[in-house]
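Take a look at the structure below.
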Amino acid sequence: EALKQDIAMSKAVGFNGARLHQKVFEERYYYWADRLGYLTWGEEASWGLDVNNNEAVRNFLTEWADIVVRDRNHPSLVTWTPLNETWNAQAGVYVRFVNDLYNLTKAIDPTRPVNDASGDSHVKTDIWSVHDYTREYDRLVQNHTFKPGVEPYRNMKGKDYLARYAGQPYMVDEFGGLPWIPKEERASSWGYGANIETIEDFYNILEKEIDALKACKHVVGFCYTQITDVEQEKNGLYYYDRRPKFDAARLKAIFEKIPSVIENPQDLSDWK
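Taking this note's numbering, I'd label the letters of the sequence shown as residues 1327 to 1598.
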């Protein structure tokens, strides 16, 4: 019932799905996601993985294969994301590892897209995912508007061994992270950027971020960070114990400003 309630809470504020971020969720969660019509991404705990450690790589590939086999029959699961923010990646072993990881995933489940490394470093990917915690409307629009002859925004620049953009769906799969932290907890808590002082300021900043992404016609999807507080990270829309911080109806109206069907989609190849 707790897992079911988490999905219901998410839908109440306008979410239609979630990245099950950097962890392997239990099957009962997928059961309720299937039943309730809630989209999910399958992920793995990859933070700190040393791709130069042969034993670690063997273990990771074996565990990832088991995850894909276990969860591939859940209709709510729409994307595989084995890695996250591999920003310390180097040429050579990392490139071979990601190619192997992509090919292994496709061999087990050829039906779903693979987001090789959420937020970069991309090597072989079906989704061009980026992370951007910018708050300013103009900067968000600038970052995510395609420009002729210029490669789209990415988190890792100047790495010749990484993949170049090739027309994949472009997603901002981490943004927001707006902290709402009680004053007595601020010394021991964390969020993206300075704390927001009033609830009205929070709504206004959030709505401007959504409006900015809506203005970027190549952005086909996004994932807000995050639905609940977690440990010291206090950027949830709910507290860790699931108490609401904000008015759910108002949040829902903001998040649902972007429709499920993209308005006036443009040719994804016109950046070339």
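We put the CB at the ideal spot given by N, CA and C, even for glycine.
Secondary structure of Val-1339 (DSSP, three-state): coil. Under DSSP, Phe-1472 forms no beta bridge with any residue. Boundaries of the alpha helix (DSSP H) harbouring Tyr-1357: 1353–1362, taken from the DSSP string.
Distance check between Thr-1460 and each of Arg-1568, Leu-1427, Val-1498, Ile-1584 places Val-1498 closest, using alpha-carbon atoms only. Distance check between Gln-1331 and each of Ile-1580, Arg-1569, Leu-1387 places Arg-1569 closest, using alpha-carbon atoms only. Taking a contact to require three or more Cβ pairs closer than 8 angstroms, the segment 1338–1353 and the segment 1374–1387 do not qualify as touching. A straight line joining the alpha-carbon of Met-1482 with that of Trp-1367 spans about 22 angstroms. Closest by C-alpha distance to Gly-1519, out of Glu-1526, Phe-1501, Ile-1525, Glu-1510, is Phe-1501.
In the structure shown, Leu-1365 adopts extended strand secondary structure according to DSSP, grouped into three states. The count of Cβ pairs closer than 8 angstroms, one atom from the segment 1418–1435 and one from the segment 1447–1466, reaches three, so the stretches are in contact.
In this structure Thr-1412 does not touch Ile-1453 by the C-beta definition: roughly 15 angstroms separates them, more than the 8 angstroms allowed. Per DSSP, Thr-1551 lies in no alpha helix (DSSP H) segment; the continuous beta strand (DSSP E) that holds it begins and ends at 1545–1551.
The three-state reading of DSSP puts Arg-1384 in helix, counting H, G and I together. DSSP, read as helix, strand or coil, puts Trp-1516 in strand. For the options Glu-1559, Lys-1571, Tyr-1529, the alpha carbon positioned closest to that of Ala-1579 is the one of Tyr-1529. Listed in chain order, the non-local C-beta contacts of Ile-1553 below 8 angstroms within the same chain comprise Asp-1332, Met-1335, Ser-1336, Val-1339, Phe-1341, Ala-1344, Gly-1562, Leu-1563, Tyr-1564, local neighbours out to five positions each way being set aside. The C-alpha of Tyr-1420 lies about 18 angstroms from the C-alpha of Ser-1455. Remark: three or more beta-carbon pairs, one from each stretch, lie closer than 8 angstroms, so the segment 1428–1447 and the segment 1386–1403 are flagged as touching.
For Thr-1431, the enclosing alpha helix (DSSP H) has its first and last residue at 1419–1434.
Annotated three-state conformation of Arg-1345 is strand, per DSSP. It is roughly 6 angstroms from the alpha-carbon of Tyr-1479 to the alpha-carbon of His-1470. The alpha-carbon separation between Gly-1503 and Gly-1517 amounts to approximately 6 angstroms.
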